[in-house]
Amino acid sequence: MSKNEKTVFDRAIKKSRYYLEFGLGGSTLRAIQKSKAKIYSVESSAEWMACMREYIIVRYFENKRLFVTFVDIGHTREWGLPASDDARNLFPAYSS
Numbered sequence: 050m051s052k053n054e055k056t057v058f059d060r061a062i063k064k065s066r067y068y069l070e071f072g073l074g075g076s077t078l079r080a081i082q083k084s085k086a087k088i089y090s091v092e093s094s095a096e097w098m099a100c101m102r103e104y105i106i107v108r109y110f111e112n113k114r115l116f117v118t119f120v121d122i123g124h125t126r127e128w129g130l131p132a133s134d135d136a137r138n139l140f141p142a143y144s145s
């Protein structure tokens, strides 16, 4: 995020009671730090989820005000995108 984007995000998240995002990462950490919102994150990479759980702040807030849901959409590549269309039938579960 640019400095301006961070300012806009911080202003919006500070007032939020709930925050839903697709993809666990930097914005998740920022939302934890800059708000008191309940954060719901949908993640498509089990490996990335495990990596993010290495952060003390994630482990501390998980199941308190950070709720992460893993949705299997098949093998993923960078940024949790599907590596192929082989599991196309699973894609709708990611956002429904």
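If you use the working numbering, the sequence shown closes out at 145, no skipped numbers anywhere.
Every residue, glycine too, gets a C-beta built ideally from N, C-alpha and C.
In this text the structure is predicted, and so the values were computed from the model without any measurement.
Three-way DSSP call (helix, strand, coil) for residue i in this model
| i | result |
| --- | --- |
| Val57 | helix |
| Val107 | helix |
| Ala99 | helix |
| Ala86 | coil |
| Asn138 | helix |
In DSSP terms, what residue i is bridged to
| i | result |
| --- | --- |
| Phe71 | Val91 |
| Thr118 | Val91 |
| Pro131 | Thr125 |
Close beta carbons around residue i, own chain, < 8 Å, minus the five adjacent residues each side
| i | result |
| --- | --- |
| Gly72 | Ser90, Val91, Glu92, Ser93, Trp128, Gly129 |
| Met98 | Leu73, Glu92, Val117, Phe119 |
| Ser133 | Gly123, His124 |
| Tyr104 | Leu78 |
Reference residue i; option with closest CA among the options
| i | options | result |
| --- | --- | --- |
| Ser145 | Ala132, Ser51, Val120 | Val120 |
| Ser65 | Glu54, Lys83, Ile105 | Lys83 |
| Ile81 | Arg114, Asp135, Glu54, Arg137 | Arg114 |
Same chain, Cβ closer than 7 Å to residue i, neighbours up to 5 away in sequence not counted
| i | result |
| --- | --- |
| Leu139 | Asp121, Ile122, Gly123 |
| Met50 | Phe58 |
| Phe110 | Ile81 |
Local Cβ density within 10 Å of residue i, reported as buried at 16 or more and exposed below that
| i | result |
| --- | --- |
| Met101 | buried |
| Val57 | exposed |
Residues near residue i by beta carbon distance below 6 Å, same chain, minus five either side
| i | result |
| --- | --- |
| Leu69 | Tyr89 |
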